[in-house]
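4 protein chains.
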Amino acid sequence: MPSHKSTELRRSPQRQRGHERVAALLEAAGACFVEKGYEGTTMTEVAARAGAAIGSLYQFFPTKEALANALLEQYAQAAYAELGKFAEPSLNWTSEAWAEHLCAFLIAFRRHHPAFVPLVESMPKPAADGLSIRRRLRAELQALLARRAPHRSDEEIHAAAVVVQQMMKGAAAIQAEPGMPGRQAAQAQMQRAMQVYLHGVFGK
Amino acid sequence: MPSHKSTELRRSPQRQRGHERVAALLEAAGACFVEKGYEGTTMTEVAARAGAAIGSLYQFFPTKEALANALLEQYAQAAYAELGKFAEPSLNWTSEAWAEHLCAFLIAFRRHHPAFVPLVESMPKPAADGLSIRRRLRAELQALLARRAPHRSDEEIHAAAVVVQQMMKGAAAIQAEPGMPGRQAAQAQMQRAMQVYLHGVFGK
Amino acid sequence: MPSHKSTELRRSPQRQRGHERVAALLEAAGACFVEKGYEGTTMTEVAARAGAAIGSLYQFFPTKEALANALLEQYAQAAYAELGKFAEPSLNWTSEAWAEHLCAFLIAFRRHHPAFVPLVESMPKPAADGLSIRRRLRAELQALLARRAPHRSDEEIHAAAVVVQQMMKGAAAIQAEPGMPGRQAAQAQMQRAMQVYLHGVFGK
Amino acid sequence: MPSHKSTELRRSPQRQRGHERVAALLEAAGACFVEKGYEGTTMTEVAARAGAAIGSLYQFFPTKEALANALLEQYAQAAYAELGKFAEPSLNWTSEAWAEHLCAFLIAFRRHHPAFVPLVESMPKPAADGLSIRRRLRAELQALLARRAPHRSDEEIHAAAVVVQQMMKGAAAIQAEPGMPGRQAAQAQMQRAMQVYLHGVFGK
DNA sequence: AATGAATGAGCCTTCATTCAT
DNA sequence: CATGAATGAAGGCTCATTCAT
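Protein chains in written order, with my numbering: chain A, 1 to 204; chain G, 205 to 408; chain B, 409 to 612; chain L, 613 to 816.
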């Protein structure tokens, strides 16, 4: 088996296919987790859904848990990146804008990554790897708030971040509830509650 | 109007011994669900933990799902009863008192019934029997708020109930987070957020 | 607890109830066996169907097998009695009458005791108690034929009894087949085949 | 037109090893069904008897029922093929030859596939897939008879096929009865009865 | 005698994971 | 790297039968 000089090019298409495979597998996994939850999802089904053999799946993800964590990590990166975009503009936002953007952010995030909540809720061990996603997002939130309200102590900012995060979850939960009668109104109220709260935090 | 199969006991205990057994089984189930979640809990282990044979467990609960639903129903009854006690006194409460009592209520409820959240979150089908617990509690909340703020329309009250419920969940979530640094402060802030919101609802 | 002189009368109602119980249990068992077969029938269901407690059932029938055998024995008695009625009149029957009566007999028997076939076919051990029903009926058939064709040797009569019995089963099977197109015609042909055969047996 | 679930293999073997496994499993299943009947047979035992793990068995047969149906289908194919061989030669057979061949056919079939009868008799649902084996064989018989007795109407041929099939069963039943005294003679008589009947059908 | 709770061996089936090809 | 057969521990559930009340 002679190896020419451009070995890397030779393997490139292989890597290419590898990436596609991994992407397909993660996507299939996401779909399964949404529909069946963590326990209800079988490795066999994930593989089948991605058009891959079960052996292939295990070549990339040594464990079901690893598969789930990879998905979670992917989501975390996306969330982190998205939230990071708020750094600059948020300095000038009113409390209304803050509430609006934060709520919209989590709602959109959950829509784009529908497997996130089911996975977090149904996994046996809540992602022991490093800091949990929620903790990481809270830290980011904290940094955002700190820049906007520099007169507040670290403790105050931390508490505010915690509260705001819970309210974001509330907003997202309202959004997700299927067939709720006055969802629009409730959603608006939730957002208003956050705005009022932030007003107090930012205010003189 | 026969009650739903999934909540029903296969046979209701008709002797002294039977009632004791059922109670012991439910308690054991609760403990297991807390520790392992729904899927992670084994019928065999539940039975063993209750000092009963596996067959005895199935004598009363035809299915693992039925067992979980029975537990959930029990919790629902307890929550409903507890919240009902607020009916009278809440008429004179300030918004501070409302926030305090509501937060304390859910925190205490979760402490007394630790299996509630894990069960709700990890069960495959979120308790299809009748109205879900959360919906039922929301209705109760709505009734409470309606009496306190009679000048608000039904829609406004409903939205407020939804928001308050989410904030209660937020408070409970903060309380439950293990080893969070400034939990006290965050908790206080969460409660304050609810108070401020309710103040607006109850209006001048 | 004073026992007066007429103890028997005292107990009579009890015996009466006992008989009713047994009858009800056997009937319930028959119905279950028809619908579910031997293995598919549960002692619990039999008891429930008879409006009795499971313990009651076991008071009369120590075993599921015993229950089935009791039923079978009951059927055997009925069949035996019925066939016995042919002894006198059959001496003057033509071969047509023989074929007609014999076919009609088994068909009627199966209609009146629908559990018979399912039970015989689905029981693990084909009723080891004494001679099997089929063997007993064959003996009776043999006796009947022997009186009608005294010029035939025992061996000939035995073979004829075997053949006739199989043809009776054939006729009954045809009758039982649900929704067969030309059942009437097939039935008639089966009967005719038996008649032709018997004609040969009886013939000079 | 996807074939019925109950007969289908969960996955068809795609490698050498797979085919061997399936064959071994079917054979083991046959042996078990003969000895214990459908209900009495354990999947575990089938697997063990085939020298396979329980998981391997389920890799190919998703259900105990599917396993039994696969076996039945295999038998049906064999019977069909065998009976098909009669097409040509049977045109010149005498009624004696017909009776002899037909009886011999079923007897040989049952000897070669001893699981057939126990399976048919002890399965809960008599093989709902497509036409039952018996119905299929009857159709084949009908075709055979139609060619030999073209002067008979369809109705007559159908009835004859039904009757002949029952007599074949009778012959096989006699053959199968263990330790019957004059089996040879009875067998001969059964065959003779069929011959006489066919003589009438064929005769002008 | 009647009742119904108790028992536990055993059944069918699933599924994460491994490994030979 | 891909493939798919192999593995077997474990889980949910059934049911004939026993026994205390």
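Using N, Cα and C, we set each Cβ at its ideal position, and we do this for glycine too.
This one's a predicted model, so the numbers in the text were calculated from it and none came from an experiment.
- About 13 Å separates the Cβ atoms of residue 317 (chain G) and residue 284 (chain G), ruling out a contact at the 8 Å cut-off.
- Of G:329, G:405, G:325, the smallest CA-CA separation from residue 356 (chain G) is found for G:405.
- For residue 245 (chain G), the CB contacts under 6 Å within the same chain, skipping 5 residues up- and downstream, are 236, 237 in chain order.
- In this chain, the alpha helix (DSSP H) harbouring residue 517 (chain B) covers 503-520.
- Counting every other CB atom within 10 Å of its CB across the protein chains shown gives residue 530 (chain B) a total of 16 or more, marking it as buried.
- Judged by DSSP in its simplified three-state form, residue 168 (chain A) adopts helix.
- Among the CB atoms of chain B, one or more fall inside 8 Å of the CB of residue 772 (chain L).
- Taking CB atoms only, residue 397 (chain G) has a neighbour in chain A less than 8 Å away.
- Across the stretch 645-660 of chain L, CB contacts with chain B closer than 9 Å involve 648, 649, 650, 651, 652, in sequence order along the chain.
- In this structure, the alpha-carbon of residue 401 (chain G) lies about 59 Å from that of residue 667 (chain L).
- Exposure of residue 150 (chain A) is indicated by the presence of fewer than 16 other C-beta atoms within 10 angstroms of its C-beta.
- In this structure, B:435 is the residue among B:435, B:429, B:532 with its C-alpha nearest to the C-alpha of residue 523 (chain B).
- Of the other Cβ atoms in all chains shown, fewer than 16 fall within 10 Å of the Cβ of residue 155 (chain A); this residue is therefore exposed.
- Taking the beta carbon of residue 337 (chain G) as reference, no residue of chain A falls within 9 Å; the closest one sits roughly 14 Å away.
- What residue 815 (chain L) touches in chain B, judged by beta-carbon distance under 8 Å, is nothing: the nearest beta carbon there is about 12 Å away.
- Contact of residue 386 (chain G) with chain A is assigned, a C-beta pair being separated by under 8 Å.
- Chain B has a Cβ within less than 8 Å of the Cβ of residue 734 (chain L).
- Chain order gives the chain B residues near residue 782 (chain L) as 571, 574, 575, 577, 578, where near means a beta carbon separation below 8 Å.
- B:568 is the residue among B:485, B:568, B:580, B:497 whose C-alpha sits nearest the C-alpha of residue 607 (chain B).
- The shortest C-alpha to C-alpha distance from residue 633 (chain L) to any of L:647, L:649, L:659, L:651 is the one to L:659.
- Taking C-beta atoms as the reference points, residue 187 (chain A) and residue 175 (chain A) count as a pair closer than 8 Å.
- In the DSSP annotation of this structure, the continuous segment of the alpha helix (DSSP H) that includes residue 529 (chain B) starts and ends at 524-530.
- Under the Cβ distance rule, residue 22 (chain A) does not count among the residues neighbouring chain G, no pair being separated by less than 8 Å.
- Our two residues, residue 330 (chain G) and residue 37 (chain A), have alpha carbons roughly 12 Å apart in a direct line.
- Boundaries of the alpha helix (DSSP H) around residue 473 (chain B): 472-492.
- For residue 582 (chain B), the chain L residues whose Cβ falls inside 7 Å of its Cβ are 774, 778, in order along the chain.
- In chain B, no part has a C-beta under 9 Å from the C-beta of residue 671 (chain L); the shortest such distance is about 27 Å.
- By the neighbour-count criterion, in which 16 or more other beta carbons inside 10 Å mark a residue as buried, residue 628 (chain L) falls on the exposed side.
- The beta carbon of residue 349 (chain G) sits closer than 6 Å to the beta carbons of 361, 364, 365 from its chain, once the five residues preceding and following it are set aside; these are given in chain order.
- Cβ atoms of residue 399 (chain G) and residue 303 (chain G) come within 8 Å of each other, at about 4 Å.
- When DSSP states are grouped into helix, strand and coil, residue 702 (chain L) belongs to the helix group.
- Taking a Cβ-Cβ cut-off of 9 Å, residue 687 (chain L) has no neighbours in chain B, whose nearest Cβ is about 18 Å from it.
- Exclusion of the five residues before and after residue 776 (chain L) leaves 714, 753, 757, 806, 809, 810 as the residues of its chain whose Cβ lies within less than 8 Å of its Cβ.
- With a cutoff of 8 Å on beta-carbon distance, residue 785 (chain L) and residue 574 (chain B) are scored as near each other.
- Within the model, the alpha-carbon separation for residue 684 (chain L) versus residue 791 (chain L) is close to 28 Å.
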